[in-house]
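Note sheet for the following structure.
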Amino acid sequence: MHFITGILVLSKASKIDLEERIRLTKDLLVQRIPRSQIIKSLEEKYGIKQRQAENYISKVYKEWADQTNQSKHIRRFEQRESLLHLYQAAKEEKKFSTCLQIEKLLARVDGTFYTPDEKQSEPWRLIIKDYTSKNTE
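This is the structure we're talking about:
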């Protein structure tokens, strides 16, 4: 409580305190404890408001999303480099069918070609079937 005004003033958490709170929030989320219980636990332990506890939870989820996104790009890059190495080896040995297969895999890794779901491609199958039946008659 502030001495002069008599208003309760919450001091800002230090960087170390903040890291501890985030770590505890991560631990509770990993244990699959319900969000409402995590919020109550953080409120009781640190004397914070519900909104601040929700901010900690959001911060953890954002951190996890960033890590996942980075690791996806790293895995994609490593896979692409591996395929390029295999492509060069197959080309030197004049295994052109293998080169073609590797090029298809590279296109998939790079996202060059879109492969629709079967449900999405059904109308196209009907159009192709209709077109081929007209041309064969």
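Numbering (this note's numbering), first residue to last: 462 to 598.
Backbone N, C-alpha and C define an ideal beta-carbon position, used for all residues, glycine too.
Under a three-way DSSP split, which group does residue i fall into?
{"i": "residue 477", "result": "helix"}
{"i": "residue 492", "result": "coil"}
{"i": "residue 523", "result": "helix"}
{"i": "residue 510", "result": "coil"}
If we call anything under 7 Å between Cβ atoms a contact, is residue i one with residue j?
{"i": "residue 500", "j": "residue 492", "result": "no"}
{"i": "residue 518", "j": "residue 486", "result": "yes"}
{"i": "residue 560", "j": "residue 568", "result": "no"}
{"i": "residue 514", "j": "residue 504", "result": "yes"}
{"i": "residue 521", "j": "residue 541", "result": "no"}
{"i": "residue 566", "j": "residue 544", "result": "yes"}
Where do the ends of the alpha helix (DSSP H) carrying residue i lie?
{"i": "residue 559", "result": "557–571"}
{"i": "residue 554", "result": "Segment: none, residue 554 is in no alpha helix (DSSP H) and carries neither H nor E."}
{"i": "residue 501", "result": "496–507"}
What number of angstroms, rounded off, separates the C-alpha of residue i from the C-alpha of residue j?
{"i": "residue 539", "j": "residue 498", "result": "41 Å"}
{"i": "residue 536", "j": "residue 530", "result": "10 Å"}
{"i": "residue 516", "j": "residue 534", "result": "27 Å"}
{"i": "residue 484", "j": "residue 532", "result": "21 Å"}
{"i": "residue 495", "j": "residue 553", "result": "57 Å"}
{"i": "residue 489", "j": "residue 473", "result": "23 Å"}
Mind checking whether the beta-carbon of residue i lies closer than 6 Å to any heavy atom of the ligand MG?
{"i": "residue 513", "result": "No copy of the ligand MG occurs in the structure displayed, which carries no ligand at all."}
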